Amino acid sequence: MNTKLKNILLCHASGMGIKCISSAFDISRNTVR
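Below is the structure:
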């Protein structure tokens, strides 16, 4: 698992929303989903 994916999972686990995560990492909401 790469670093970016780990960071996304940590954000999700801490309660960040999909829209917020996608904005922070500059990726599509569908990718986060």
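Sequential numbering of the sequence shown, starting at 639, is according to this note's numbering. Backbone N, C-alpha and C fix where the C-beta goes; we use that ideal spot for every residue, glycine too. Note that the structure is a prediction, hence the values are computed from the model and not measured.
In this structure, Lys642 places its C-beta atom within 8 Å of the C-beta atom of Phe663.
Taken through DSSP and simplified to helix, strand or coil, Asn640 comes out as coil. At a Cβ-Cβ threshold of 8 Å, Ile646 and Ile659 count as neighbours.
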